[in-house]
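Since the structure comes first, as structure tokens, the remarks are kept for the end.
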Amino acid sequence: MARFIYRFRFYFLALGIAGICPVWARELGSSESLEEMSERLETETDPERASSKKRRRSRSPMEDMMPIDRLRAQRQMGDIDLYFKDGVAYRDSLGFKSGVIQLYPPFYEGWANGRKVKGLYEDFVKDGEPGFTLSSVIYNERYYRETGKEFVNYFILYWVPEQYAFTLFQPNSFGPVKDRVREAIVKARKNYARRDQFDTFQDYVAFKFGRDDEIENFVDGFWIEANEGDYHLTYFYTSEFLVERKRQAFVRPLIATTSFILVRGKLLKVDIVKAYDSPEDIPRLLEFTEGVRDDMKTVNRHGESNR
713 MARFIYRFRF YFLALGIAGI CPVWARELGS SESLEEMSER LETETDPERA SSKKRRRSRS
773 PMEDMMPIDR LRAQRQMGDI DLYFKDGVAY RDSLGFKSGV IQLYPPFYEG WANGRKVKGL
833 YEDFVKDGEP GFTLSSVIYN ERYYRETGKE FVNYFILYWV PEQYAFTLFQ PNSFGPVKDR
893 VREAIVKARK NYARRDQFDT FQDYVAFKFG RDDEIENFVD GFWIEANEGD YHLTYFYTSE
953 FLVERKRQAF VRPLIATTSF ILVRGKLLKV DIVKAYDSPE DIPRLLEFTE GVRDDMKTVN
1013 RHGESNR
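So, in structure tokens, the structure goes:
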């Protein structure tokens, strides 16, 4: 546990995906249809109106849909791997087993299966904690594209603790597990926490003795308890990853959550990690973590899926 509590340093896999797209051209005849002539005259007489009309026409109807509706449309167009339960999407191919029970992570528009990226799954396994099996890797492909197509920097990791793979938990039996997690974290803190890392002595003492709700100023690299419920215990932390290139290396800040959650009585560890861009990212990540936890319960409830 200690090696994960103290200052994660992720070494991300550079994807280096280069897309080569052929350009198709069509030679047009010299004849002009009535519609084309009308558009040409409209452009000549009222350019602004013609431009607005063209933008409306070029916009896909799916762009105006809600994300979940676009996924439903995707299903109707032939994506048979997509299913829905109570308004939450999931992919059959992303399912994994804990013991004999099949579980599914929720699936969101813009996200993709990390197992399809060569070496990515293996890279995360190397940094994994002994005794935990990495069962699913999902990364935000849209965010990856929008931030430069270099590194996977927004992702979710689902881990199955091997010791409890065949164990069924209830809130009362989950309580001792949460207590052991807290005890291990506090024990490790006493070994590595130093007074000069904290703004005040009060924060230092609260941190060392696990009184996280009393800590006023966050310290980089340390897990801080974010929230707890009957079916989850979530920690928040900041970290960094090292970007290594042939002639240079630089560090990027990260924010992340780690949650121990019960889903259909099975214990899972879920890491959600994102590159840090602005202070607003922190509450957004905590809100997203809560959404993932809730949606995970929804898609794994007993009952038939709907389409």
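The numbering of the sequence shown is this note's numbering, which starts it at 713 and goes up by one.
Even glycine gets a Cβ: it sits at the ideal position worked out from N, Cα and C.
- [ ] Give the single residue among L832, D1007 and R857 whose Cα lies nearest to the Cα of P818.
- [x] Of all alpha-carbon atoms in L832, D1007 and R857, the one lying nearest the alpha-carbon of P818 is that of D1007.
- [ ] Find the nearest neighbour of V1004 within the set K809, D989 and D983, judged by alpha-carbon distance.
- [x] When each option's Cα is compared against that of V1004, the closest is D983.
Task: Extent of the continuous beta strand (DSSP E) to which Q814 belongs - done: Unbroken beta strand (DSSP E) run through Q814: I813 to L815.
Open item on the list: Would R976 and I850 be called neighbours here (beta carbons separated by less than 8 Å)?
Closed with: In this structure, I850 does not lie closer than 8 Å to R976 by Cβ.
- [ ] Ignore the nearest five residues each way along the sequence and tell me which others in S847's own chain have a CB closer than 6 Å to its CB.
- [x] Around S847: F808, Y870 and V872.
Open item on the list: With H, G and I counted as helix, E and B as strand and the rest as coil, what does DSSP make of S885?
Closed with: Helix at S885.
Task: Straight-line Cα distance separating G922 from F953 - done: Each residue's alpha carbon lies about 26 Å from the other.
TODO: On the DSSP bridge assignment, give the partners of N825 in chain order.
DONE: Answer is I850.
- [ ] Please report the Cβ distance between T969 and V800, rounded to the nearest whole angstrom; I am assuming they are in contact, meaning their Cβ atoms lie under 8 Å.
- [x] Actually they do not touch by this definition, with Cβ atoms about 19 Å apart.
Open item on the list: Suppose the cutoff is 8 Å on Cβ atoms and the five residues either side in sequence are ignored; what does the same chain contact list for R803 look like?
Closed with: Result list for R803: D793, L794, Y795, Y816, F819 and N825, in chain order.
Task: Residue-level contact to chain C via CB, K797, 8 Å cutoff - done: The structure shown contains no chain C; it is built from a single protein chain.
- [ ] Measure the CB-CB distance between L980 and V889 and report whether it falls below 8 Å.
- [x] No, they are not a contact pair.
Open item on the list: Less than 8 Å between the C-beta atoms of Y988 and L966, yes or no?
Closed with: Between Y988 and L966, the C-beta gap is smaller than 8 Å, which places the two residues in contact.
Task: Inter-residue Cα distance where the pair is E834 and G840 - done: Taking the CA atoms as reference points, E834 sits about 10 Å from G840.
Open item on the list: Measuring only the C-alpha atoms, how far is H1014 from R957?
Closed with: Approximately 48 Å between the Cα atoms of the pair.
TODO: May I have the straight-line CA-CA distance separating A900 from V893, to the nearest angstrom?
DONE: Distance between the alpha carbons of A900 and V893 is about 11 Å.
- [ ] Quick one: measure Cβ to Cβ for F910 and Y904, integer angstroms, because I've assumed they're closer than 8 Å.
- [x] With a beta-carbon spacing of about 13 Å, F910 and Y904 fall beyond the 8 Å limit used to define contacts.
- [ ] Have a look at K797, K828 and F863 and flag the residue whose alpha-carbon is nearest the alpha-carbon of S805.
- [x] Nearest neighbour of S805 by Cα position, chosen from K797, K828 and F863, turns out to be K828.
Task: Nearest-angstrom Cα separation, counted from W935 out to F686 - done: The structure shown has nothing for residue 686, since the chain only spans 713 to 1019.
Task: Backbone secondary structure at P995 - three-state DSSP - done: In the displayed model, P995 falls within a helix according to three-state DSSP.
Open item on the list: So, with DSSP's three-state summary, where would you put G1003?
Closed with: Residue state for G1003 is assigned as helix, using DSSP reduced to three classes.
Task: Assigned secondary structure, K890 (DSSP; H/G/I helix, E/B strand, else coil) - done: Note: K890 maps to helix in three-state DSSP.
- [ ] Sort out for me which residues DSSP pairs R906 with in a bridge.
- [x] In the DSSP output, where bridge partners are listed per residue, R906 has none listed.
Task: Straight-line gap, N939 to E853 (C-alpha atoms, nearest Å) - done: If I take the Cα positions, the gap works out to 28 Å.
- [ ] Use the C-beta contact count for K902: other C-beta atoms within 10 angstroms, 16 or more gives buried, fewer gives exposed.
- [x] With a 10 Å radius around the Cβ and a threshold of 16 neighbouring Cβ atoms, K902 comes out exposed.
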